[in-house]
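A.B. asks: I'd like to ask you about the structure that follows.
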Amino acid sequence: MAIETITEPRLDRPMVAALFDLARSSPDVPALYLPQEDQLPHKTWRQLADDTLRLTAYMNRLGVQPADRVVLWSDNRYEWIVVDFAIQCLGAIHVPLHGSLPASGAAAQIAHSEPKLVLIATAAMAEALRGQAAAGPPNQVQEVIDATNGEQSLLDRISAISPGDGMAIMEQQAARFDPQAIATILYSSGTSGEPKAVALTHANLTSNAYAAVDAVGEVASDRRLNFLPFSHIYARTCDLYTWLARGSELALTRTRETIFADCQLVKPTLMNGVPYFYERIAQRVAESENTAAPITIQQILGGNIRACFCGGAPLPVGTFDFFHARGVPLLPGYGLTESSPVISFSTINDFRRGTVGKALPGIEVRFAEDGELLTKGPHVMLEYWKEPELTRETIRDGWLYTGDLGSIDADGFISITGRKKEMIALSTGKKATPTHIEGLLCRVPFILQALVVGNDQKYLAALIVPNAEALSAWMEAQQLKVATQAESLTHPSVVQLYQDRISQALESVAPYEQVKRFLLLDRGFTIEDGLLTPKLSMRRDAIHKRFQSEIAALYSGGGVAVEYKGSSAAAATDY
C-alpha cells in the first residue's frame, strides 16, 4: 500500500524526523528497493528506522557526540542511508567522501575535517588509506562496513542492539536541536580548483528538500531509481531527501554499468540524471530508429517513466528536444553545492525550452551587472568550513555569488549561459561559452566527450573522445580494416567522418564559436583518472594539465582542420 499524505515540512527538526513519522504511520510499507540480479528485495520503513536507531546507539558507544564529524567513504548502498540518518539522530556532522576518491584524496579530506569516526566501505579501501600519511586526530576511530577476514559486517555488529537505546539518544538530542547547526560538510571542487568544504545546515537541507518535492509534484506512489552519488548534494537532496519527505519509494542501482538492467527490474516513474546520461540514451534511441528493431526511451527506462529531471551541468537543447518529441518530459533544473543545491526547477506543467525553470518558492534570484546570478534564501550555505575569507567573498549581504552567468525572462524562467571562470576569451576579443559548443558536439553519435579550448588563442579547438561502440559499428559497415584502435583514429575515412560531423554540428553558430582544429583521443575522461567529477562534469583544469602538449599542438599545426560549408574564407577566419 502507498502513503497518501506528505510529511509536514518543519524546520525545527532534522530531516530524519520524517523517517520516524513514516515508521509509525506505515511501518510495513516497502520503502527502499535493492535490486539483485533478477530480484527486487526491499526494506520497510520500520526496518530502516530500526537499523538507524541501532547504529545511533553504536556510534554513541564509539564516542560520537553532537557536532563531531563522522566521515563516510563509500559508494551508494543501504548502509550509506542508515549512516546518514544515524548521524542526524546524534546531532553530529556527516562528511561524505566520494567512493571513487583515491586514497590520497580521502586522506587529505579526512585530515582537514578532523573526524571522530571514519566509516569505510571495504577492507581494501581501509588498507589503501593506511598507506597514506596520518589523517585526522589521534583519537579517531575507523570502522569497515563490509565483512572482512571473518569479522562481521557493520549491520551484523549492530544487530543485537535494541532500537530503544538509539531512540533514547535521539530524543535527548531532539530536545536541543538547532536548525542552524551544521548537518554536513561536503568537499566540492566543481570543474576546477582545490576542494572547498561546504557547510550546510539542517535548515538548508530540510527547506530545500521540501521545496523541491512540492515543485516536482511527487506523489506517494512514485518510485525513484537512484544512480548518482549521495556524496554529491544533488542526489542527496533530490533523490534521498525528497523520497523521505514524500514517503514514496526509492531504489538504488547496483552499479553504473547496471543502470538500464535495473530500470527493467525497478520500473521507475521518476529519475534524476546528468546531461551525459540522457545524451547517451538519445544516441542509443536515435541509432535504433533506422533499424528493424527500434527502441524507445520508455523501453530503456523500464516503461513507467513520467518525468526525467536533469542537473549538474548544462543540458543541450537538442537533448531536451529529443526527449520531448518522444513523449518523455526531460526537465532541467539549476543549483550548486553551496545552495543545497536547488535554486530553480522545471516541472511537468511549467517549463520552457532553453531554460532551467523558475526559482523555487522562498528563493530570491537576481543578476549582477556582469550577468552573474546571485541568490538569497534558506538554501544558502552557512560557510566554507575553516575558510572565513572565502566565505565573505562568496556570500555578501546574504547573497550567494554563484559564479554562473545568465538571465531571467519576464515570466521568471532562468537561463544559464556559462561559468564566469570557464568563458573562453579569444585573442580577437570575442568570448565563447565552451559548454554550449561541447553540448552541440556531443549530439554527434560518434562523439562521447568533447573539451573545447582556446583561451588567448585566435580560434577554438577541441579534444574529442570518440564513441568507440558507434565508431566500430560504422567502420564495420564501411568494411574498414585496422589493426589497432590508434590506427582507426588516423584512418583517412574516420578523420573525414569527424571533419564532416563536426562541421555539421557547428555550422549554425557564429564563426568565432566554430572549432577550427580537433584531435581524436584514444582514451576518455573518467572519474577514476581524476578528469571527471562524481556527477560526470569535466574537471577542466585537470584535463588541460593532463593534455597540455596535445592542446599546444592544436595551435602549432597539429590535429585535424575543419572546414565549414557555406562560409567564405573571410568569414571563417575573421573572428
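Numbering (my numbering), first residue to last: 539 to 1113.
In this text, a Cβ means the ideal position worked out from N, Cα and C, and glycines have one as well.
By Cβ distance, which residues of its chain are closer than 6 Å to F847, with the 5 residues on each side in sequence left out?
C.D. replies: N810 and L869
A.B. asks: Less than 8 Å between the beta carbons of L570 and V621, yes or no?
C.D. replies: In this structure, V621 does not lie closer than 8 Å to L570 by Cβ.
A.B. asks: Can the beta-carbon of F951 be found less than 8 Å from the beta-carbon of G895?
C.D. replies: yes
A.B. asks: Whose C-beta lies closer than 8 Å to the C-beta of D576 among residues of the same chain, with five residues either side of it excluded?
C.D. replies: L803
A.B. asks: Using DSSP with H/G/I as helix, E/B as strand and the rest coil, what is W525?
C.D. replies: The structure shown does not extend to residue 525, since the chain is modelled only from 539 to 1113, so the question has no answer here.
A.B. asks: Between P806 and L763, which are expected to be in contact by the criterion C-beta below 8 Å, what is the C-beta distance as a whole number of angstroms?
C.D. replies: The C-beta separation of P806 from L763 comes to about 4 Å, placing the pair in contact by the 8 Å criterion.
A.B. asks: When the Cα atoms are used, what is the spatial distance from L724 to E921?
C.D. replies: If you draw a straight line from the Cα of L724 to the Cα of E921, it is about 11 Å long.
A.B. asks: Measuring straight from C-alpha to C-alpha, what distance separates V554 and A824?
C.D. replies: Whole-angstrom Cα-Cα distance: 42 Å.
A.B. asks: DSSP three-state label for E976, please.
C.D. replies: helix
A.B. asks: Going straight from the alpha carbon of T880 to that of E1025, what length do you get?
C.D. replies: Correcting the residue type first, residue 880 is Val in the shown sequence and not Thr. Cα to Cα, the separation comes out at about 45 Å.
A.B. asks: Can you round the beta-carbon distance between R1039 and V982 to whole angstroms, since I take them to be within the 8 Å contact cut?
C.D. replies: Taking 8 Å as the upper bound for CB-CB distance, R1039 and V982 are in contact here, some 5 Å apart.
A.B. asks: My guess is that L1009 and D1060 are in contact by the Cβ rule of under 8 Å, so how many angstroms apart are they, rounded?
C.D. replies: Not a contact, Cβ separation roughly 12 Å.
A.B. asks: Sort out for me which residues DSSP pairs Q987 with in a bridge.
C.D. replies: V1003
A.B. asks: If we cut at 8 Å on Cβ distances, does A863 have a partner in chain C?
C.D. replies: In summary, chain C is missing from the structure at hand, where a single protein chain is found.
A.B. asks: I need the DSSP call for E1101, collapsed to helix, strand or coil.
C.D. replies: coil
A.B. asks: Hey, is C801 close to the ligand ATP, as in C-beta under 7 Å from one of its heavy atoms?
C.D. replies: Of ligands this structure carries none, so the ligand ATP is not represented either.
A.B. asks: Is it true that the CB of A749 sits closer than 8 Å to the CB of L898?
C.D. replies: yes
A.B. asks: Indicate the three-state DSSP secondary structure (helix, strand or coil) for D888 in the structure shown.
C.D. replies: strand
A.B. asks: Starting from V1032 and walking both ways along the alpha helix (DSSP H), at which residues does that stretch end?
C.D. replies: P1030 to L1044
A.B. asks: According to DSSP, is M919 part of a helix, a strand, or is it coil?
C.D. replies: coil
A.B. asks: Which two residues bound the contiguous alpha helix (DSSP H) that contains R1078?
C.D. replies: R1078 to R1084
A.B. asks: Roughly how many angstroms separate the alpha carbons of P1072 and H770, rounded to a whole number?
C.D. replies: 7 Å
A.B. asks: Can you name, in chain order, every residue of its own chain whose Cβ lies under 7 Å from the Cβ of R696, other than the five neighbours on each side?
C.D. replies: It is Ile, not Arg, that sits at residue 696 in the sequence shown. R592, L593 and Y596, listed in sequence order.
A.B. asks: Could you have a look at G944 and say whether DSSP puts it in helix, strand or coil?
C.D. replies: strand
A.B. asks: How is T1111 classed by DSSP in three states: helix, strand or coil?
C.D. replies: Confidence in T1111 is poor, its pLDDT being 36 and thus under 50, which makes the residue's placement too unreliable to answer from.
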